[in-house]
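All remarks here apply to the structure that follows.
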Amino acid sequence: MADITTLHYLVVAAALFVLGVIGVLTRRNVVIVLMSIELILNAVNLNLVAFSHMWGNLHGQMFTIFIIVDAAAEAAAGLGILIAFFRNRETINVDEIDLLKW
Amino acid sequence: MNPALNSAAATMNTGMAPVATPWFFYALAGAAVISALFVITRRNAVHSALALIVTLLSVAGLYLMLYAPFVAGVQIIVYAGGIMVLFLFVIMLVNVERSSKERQFNRIWPVGLAAACALMALFVSALVKGRALFPERLVKLSEGTNTQDIAKALYGDAGRMGQYTFAFEIASLLLLVAILGAVIMTKKKI
Amino acid sequence: MPNFVMSYLGSTVTPGQAGNQFWALMYVLIIFAGVSVAVMAMNWLERKALAHFQIRLGPMRVGPHGLLQPFADALKLMLKEDIIPTEADQFVFWVAPLIGLLASFTVYTVIPFGPSQAVSDMNIGILFMLGVSSLAVLGIVVAGWASNSHYPLIGALRSSAQMVSYEVAMGLAVVSAVLMTSMNASGTGTLSMIGIVQAQQQQGIWFIFKFFPLGFIAFAIFAIAMVAETNRAPFDMAEAESELTAGYHTEYSGLRWSLFMLAEYAAMIAVSSIAVTLWLGGWMRPFPNLLQAPAWEFIFSLFPGLTFAGLAAIAFIGTARMPAQSFFRVQRIGLAVFAALLGFIALLLLVIAVAGRTADTSVAARFREGIDYVYWFVLKVAVFMYLFIWYRATWPRYRFDQLMRIGWKVMLPIALGVLMLTAIVGVIVS
Amino acid sequence: MSISEKGNPNALANAVSNLDLDTPEKPYLDSNELIINMGPQHPATHGVLRVILKLDGEKVLGTECVIGYLHRGVEKIAENRTYTMFNPYVDRMDYCAAVSNGLGYCEAVEKLMNVEAPARAQYIRVILTELNRIASHQLWLGTHALDIGAMTPLFYTFRDREEILKIFERYCGARLTTHAFRIGGCQYETYAGFEKDVTNFLSFFAPKIDEYEALLTTNRIWLERTKNVGVISAADAIALGVTGPVLRASGVKWDLRKAQPYANYSKFDFEIPIGENGDTYDRYLVRMEEMRQSMRIIEQAVGGIPEGPIMGKVPKVIKPPVGEIYHSIEAPKGELGYFIVSDGSTQPYRLRVRPPSFVNLQALDIMVRGLLIADVVAVIGTIDIVLGEVDR
């Protein structure tokens, strides 16, 4: 079997990214939308680490670490909003989050 | 550019022979993509979360294969051990039972799917056309000193500020803001 | 014999580093078998020790002094019907115990029983251990949710909050120990488990005594947090029997329940191993730098054999003290055979200690060294195992809010303070 | 939460319809409220008590006790038995303190018949009753500590309780449901060596109480789990009719042995321990001290057992005159009262028991509101209920 090159990783990352985008765009459940965002971030991370490996420096890995920090912050804030919203409207569906459309 | 970062490639650790690399790659990549598919298709959010954990762990495995052990460790400890527990916690608090019986996809799903497919087409064309840009063989990063190198970039070395020290501090501020925001939003009365 | 088997013998690095997949696999199997046996022994020991704390006898019927009780239990649990409640989420209910089990067994890949007695020496060893052991909480949370019942759900919620909270204090305590590894000439520390022990050897001090009392405080925080991490008394909120019947595994029975128990005990051994590695010098025998004459080396290498000889003596005394009735004949013979087995092991170990007393690179010497390392490591871990039992016998259970308060308001600030002080003292000293 | 929606959603909701749900505010939708059935099969409800808890997360918003799972109709049985035949039945109410139950019943009937047990019988009665008080408190301590998570005290207390049960066994042949007393005195003369056994027990037991206290009294976790948990004020306690150690821990000095002395308690010198805060820890301290005071009483009594008959002048067939009587004694758990209406026949016309556990159990709701699930268990333990007595 051929050696694994950067391209292989990029293909995997692209697949994850597209799946994440599909999840964000089509699902109603906010929790799953948030999880899809995590998928997208992971795809990006994978790209960055693959490039880091390709160029033989650590910048990609550094970016990945910051993105993971960002993901943690995003998850905390996002889920906080979700819980607050669920308390008020008792729903976690994206298309019912329409208070601003009134 | 910080010389410490580039010299990492030079001090390559030759002791670690990669183990059956292609097989591991295809197994991990397959697991990641298939469970990602599960993430966006399951009705039950807990099943989605479990699938996402598999994806995250597979990606951590891929990081290990890319000689980025520290990132892999952070991925496991922060993503799989922290963020996903938070997700599961929230799923238990909100009513999964009801939402899993409802319509799963929103009304504009064909549009979303089409947009995503267009994006995929873009990716495919970019990858096919740009194939020549990527070298056939990967440069081997030093795995043995990976953590130490990252520490030098983050905290600086020999009294000098590291390249990412400022960003690191900003990130800590971001986390603090996120903590405060989450607490304020979820607490019933403050 | 094939080259890949022989070439590793006498090596001074772990099979993972040597790239020897055969021996890596062998080590995995040995560790898996060893941990399973240790869990069984721990099960017996806990029941016996707890019984003696509580002026009872504990298991006495199955085998002499209940020695075969764990086997009987295991057999019973395996033969029991595997009940999955109708309303439960079948797949998740099925998979939950496996998550915990996988997590608690995976960490053993980086636990160093000796400088070369580990499956692999990961560059991120301690980070990996903390990360993977934190995955165990997923199994518990998911088990509680999948049971679709109130008590398991409350147990799962408690457990997830508890384990995530104590991980923070635990991580900070670990960081202060990792910081101590960098107090050397080059100023670079390490996350590798083997590297941490070697740093202690280099600096000539166990980290528990380093910068006294800073190392000790960090160790104490870890020792408390690890009890909470493994859901053991007095922090066994997740399975608080008197409150939540059995917490997250209320609905489980038979083999699946026993997997939870296996995971819990394996996790206990794993976290104890972390504590031993980080603060108590890992595999090192007492005073490796002070008493390093060959004579001392030889004396300390006699310890494993003498320990087994002592155990054999206890077993022989037990045989002699058995009531002289025909009813006890089988048990008596069984205990005598067990004692003879222990004696045989003792003899074997002593022979190895004598044969490998020269510090050369012969296989016998390497083997003797390996036994020494594993012996001292296991002995230190065993002390922690006994502490777990002792805690359970002595203390009442904390309440959930008190537990969280201690985690966030007491342990976290202290851990942060210790971390900063360690850094400051380290800078001043170096 | 989602679970209550499955199965029959209304069954539980109906059962708690009379739960007083005056939560201070309902800020959002009550999505976090959870209704949980604790018992009747639960390790910490001391038998078959069923408590329906309304929870917000772990916080208790309200409770509802469902009792009757051990109802045997003791009071109705009494109407169909002669006074003598009914005597063993009272042992089955509070089976942890069978001797006290028997004492109360026998004294009530004696009072109705206007006879008095002879002095020697009185002394034996006091010794056995106080021994039983210690045994009951030991059982309480062991199970209460087990509820809070300390396993070990249970075995210590059971070891020492065994010595008391041995004395009972030697005296009357039974260990738990002793049926030690008869109307008019005692059935059995003390066995040879009774006094020695009792004094031996006293010297054996004195250090054991210290041992229990060493395990718990200054234990940090025990203090955190019991201090300021399940507080009930003296006014609340009196209003609810709470008696026994629960009342005394709230600072009310009310002990029937002093307040309206029965048997010959007035002859003995002992203190009534009281608490200050009315929390679980005070109740613990009060009961521990009560064990010591019981030992004092036994010590005085066993030294002064007079000679003489053990049965008073009671006819063969017990036929109290027409009338009614209420007589109550201080059982280990509180005021145990017997209200007997006699129509002059050999059987009571009506017999009503005022069981301390039943009355004290009412205080559970006040005590646990706003606390956590773990405290519910601790408070059930500290009230010291016996379901045989609650349900009768």
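Protein chains in written order, with numbering that gives the first Met the number 0: chain P, 0 to 101; chain R, 0 to 189; chain G, 0 to 429; chain X, 0 to 391.
Don't be surprised by glycine CBs; every beta carbon is placed ideally from N, CA and C.
Values in this document were obtained by computation on a predicted structure and should not be read as measured data.
| Check | Outcome |
| --- | --- |
| Taking residue 406/G as the reference, give the member of 345/G, 339/G, 312/G and 222/G with the closest Cα. | 222/G |
| Could you tell me whether the Cβ of residue 150/X comes closer than 8 Å to any Cβ of chain G? | yes |
| With 8 Å as the threshold, decide whether the Cβ of residue 26/P is near any Cβ in chain R. | yes |
| Can you tell me which of 287/X, 171/X and 286/X puts its alpha carbon nearest to the alpha carbon of residue 193/X? | 171/X |
| For a test of the three-state rule: what should DSSP assign to residue 28/P, helix, strand or coil? | strand |
| Residues of chain G with a CB under 9 Å from the CB of residue 54/R: which are they? | Here the premise fails: no neighbours, minimum Cβ distance about 14 Å. |
| Using C-beta distances below 7 Å, list every residue in its chain close to residue 183/X, excluding the 5 sequence neighbours before and after it, in chain order. | 109, 114, 116, 310, 311 and 313 |
| Along chain R, in chain order, which residues have C-beta atoms closer than 7 Å to that of residue 438/G? | Given that chain G is displayed from residue 0 to residue 429, the structure contains no residue 438/G and the question cannot be resolved. |
| Residue 72/R versus chain G: which residues are under 7 Å apart at the beta carbon? | 123, 126, 127 and 130 |
| To the nearest angstrom, how far is the alpha carbon of residue 2/P from that of residue 127/R? | 18 Å |
| So, helix, strand or coil for residue 324/X, using DSSP? | strand |
| Can you tell which of 45/P, 24/P, 12/P and 39/P has its C-alpha closest to the C-alpha of residue 62/P? | 45/P |
| For the region 151 to 170 of chain G against the region 90 to 98 of chain G, are there 3 or more C-beta pairs whose distance is under 8 Å? | no |
| Closer than 9 Å by beta-carbon distance: list the chain R residues that pair up with residue 36/P, in chain order. | Residues of chain R passing the Cβ test: none, with the nearest at roughly 11 Å. |
| Step through the CB atoms of chain X and report whether any lies within less than 8 Å of the CB of residue 409/G. | no |
| What does the alpha-carbon distance come out to for the pair residue 182/G and residue 188/G? | 7 Å |
| Could you tell me the distance, in whole angstroms, from the CA atom of residue 190/X to the CA atom of residue 197/X? | 11 Å |
| Going by CA-CA distance only, name the one from 141/X, 147/X, 146/X and 161/X that's closest to residue 153/X. | 141/X |
| In terms of alpha-carbon separation, which member of 48/X, 75/X, 59/X and 178/X lies closest to residue 65/X? | 48/X |
| Chain X partners of residue 53/G, CB-CB under 8 Å? | 150, 151, 153, 154 and 155 |
| Just to confirm the assignment: which complete alpha helix (DSSP H) runs, minimum length 4, are found wholly within the region 201 to 266 of chain X? | 219 to 225, 233 to 239, 244 to 248 and 255 to 258 |
| Any beta carbon from chain R within less than 8 Å of residue 11/P's own beta carbon? | yes |
| Would you check if the distance between the CB atom of residue 242/G and the CB atom of residue 376/X is smaller than 8 Å? | yes |
| In chain R, which residues lie less than 8 Å from residue 136/G when you measure between Cβ atoms? | 80 and 84 |
| Does DSSP put residue 159/G in a helix, in a strand, or in coil? | helix |
| For residue 179/X, go through chain G and note every residue whose CB falls closer than 8 Å to its CB, in chain order. | Ordered by position in chain G, no residue passes the 8 Å Cβ test against residue 179/X, which lies about 28 Å from the chain. |
| Okay, do the region 100 to 107 of chain X and the region 244 to 260 of chain X touch, 3+ Cβ pairs below 8 Å being the bar? | no |
| I need the DSSP call for residue 2/X, collapsed to helix, strand or coil. | Since pLDDT at residue 2/X reaches only 38, below the 50 mark, its modelled position is unreliable, and the value read off the structure follows with that caveat. If DSSP states are grouped into helix, strand and coil, residue 2/X belongs with the helices. |
| Are any of the Cβ atoms in chain R nearer than 8 Å to that of residue 140/G? | yes |
| Residue 43/R by DSSP, collapsed to three states: which one? | coil |
| By how many angstroms is the C-alpha of residue 209/G removed from the C-alpha of residue 147/G? | 49 Å |
| For residue 32/R and residue 343/G, I'd like the C-alpha separation in whole angstroms. | 54 Å |
| Excluding sequence positions up to five away, which residues of its chain have a Cβ less than 6 Å from the Cβ of residue 93/X? | 100, 385 and 388 |
| For residue 114/P, which three-state DSSP category applies? | Within the shown structure, residues of chain P are numbered from 0 to 101, placing residue 114/P beyond reach of any answer. |
| Could you say if the region 35 to 43 of chain R and the region 76 to 85 of chain R meet the contact criterion of at least three C-beta pairs nearer than 8 Å? | no |
| List, in chain order, every chain X residue whose beta-carbon is nearer than 8 Å to that of residue 64/G. | Result: empty, since nearest Cβ-Cβ is about 19 Å, beyond 8 Å. |
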